[in-house]
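Asker: For the sequence shown, position 60 matches number 497 in my numbering, and the numbering has no gaps at all.
Glycine residues also receive a C-beta, built at the ideal position from the N, C-alpha and C atoms.
Nothing here was measured: the structure is a model prediction, and the numbers come from that model.
The structure is given below, and queries will be raised subsequently.
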Amino acid sequence: MSTETAPATTESVETEHDHHPSHLQHHFVSSEQQFDSAKLGMWLFLITEILLFSALFVAYAVYRNWNPVAFAEASSTLDWVLGSVNTIVLLTSSLTVALSIHFIQKNDRKKTVISLLATLALAGGFLVIKYFEYMAKFEHGIYPGEAFAPTGSGYEYLAAIPYVPQFFSIYFVMTGIHGVHVVIGMGLISWMAWRAHRGDFSDEWYTPVELTGLYWHIVDIIWIFLFPLLYLV
């Protein structure tokens, strides 16, 4: 005796479609699978970022080993107080972005937006402080590469020390690339704040917020390595 399976009715197809979350892409079977795939993709991207900065850290270590006196003298001209303030600012921003993920998990959209905007403000503060640091160096002829021509009290003596320009070239490259990542992070955070405000996220789906937070944590961690290497060591 054969048994035939009746074709799915239009009503059953529509019912199945109604239970399909709007955020779930058609090639994923569940929200969990989509989140795991997105997180894996983000980690692969972040690994490439870590490799980029690892190469810069290696270059710094090699040149410092070759020219310890020059690097120590050049490092002493950096404002460690401003560097410390920026470190505190970024660590605080890591807390606020983590809170944004916590609040969206609780379906508290208002606090999620506030936390993201606080993160954005702290990131802006970091860049403002870095701008004043850069300007203080440029005013005294401290530029990367062949443009290095220190002038004014407290800086002129650097011209007589070989390999000091290499330190400032590495300094501007490393902090400059990090600054670009901060700007990109600010763009992402602004977008997340806008989407959270209009109700795109909930406790059922907040993957973009979590991935943005993961990116921002990596940006903060990189600075935690940059600060002591450039300002304190």
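1. From the DSSP secondary-structure annotation, give me the bridge partner or partners of residue 639.
2. Is there contact here, the stretch 514-528 with the stretch 565-572, by at least three beta-carbon pairs under 8 Å?
3. Measuring CB to CB, does residue 629 end up less than 9 Å from residue 601?
4. Could you name the residues of the same chain whose beta carbon sits closer than 6 Å to that of residue 670, not counting the 5 residues immediately before and after it, in chain order?
5. Between 509, 524, 501 and 497, which lies nearest to residue 661 when the distance is taken from Cα to Cα?
6. Indicate the three-state DSSP secondary structure (helix, strand or coil) for residue 523 in the structure shown.
7. Counting only the same chain and skipping the five closest in sequence on each side, list residues whose C-beta sits under 8 Å from that of residue 619.
8. Which whole-angstrom value describes the C-beta separation of residue 555 and residue 533, a residue pair presumed to lie in contact below a C-beta threshold of 8 Å?
9. Let me know the secondary structure DSSP gives residue 588 once reduced to three states.
10. I need the boundaries of the alpha helix (DSSP H) containing residue 612, first residue and last residue.
11. Quick check on residue 552: buried or exposed, where buried means 16 or more other Cβ atoms within 10 Å of its Cβ?
12. Taking the continuous alpha helix (DSSP H) assigned at residue 571, which residues delimit it?
13. Grouping DSSP H, G and I as helix and E and B as strand, with all else coil, what is residue 478?
14. CB residue 506 to CB residue 598, shorter than 9 Å?
15. Give the single residue among 663, 667, 666 and 649 whose Cα lies nearest to the Cα of residue 480.
16. In terms of residues, what are the limits of the alpha helix (DSSP H) holding residue 512?
Answerer: This is what the structure holds:
1. 642
2. yes
3. no
4. none
5. 524
6. helix
7. 560, 563, 564 and 656
8. 4 Å
9. coil
10. 601-634
11. buried
12. 546-575
13. helix
14. yes
15. 649
16. 505-512
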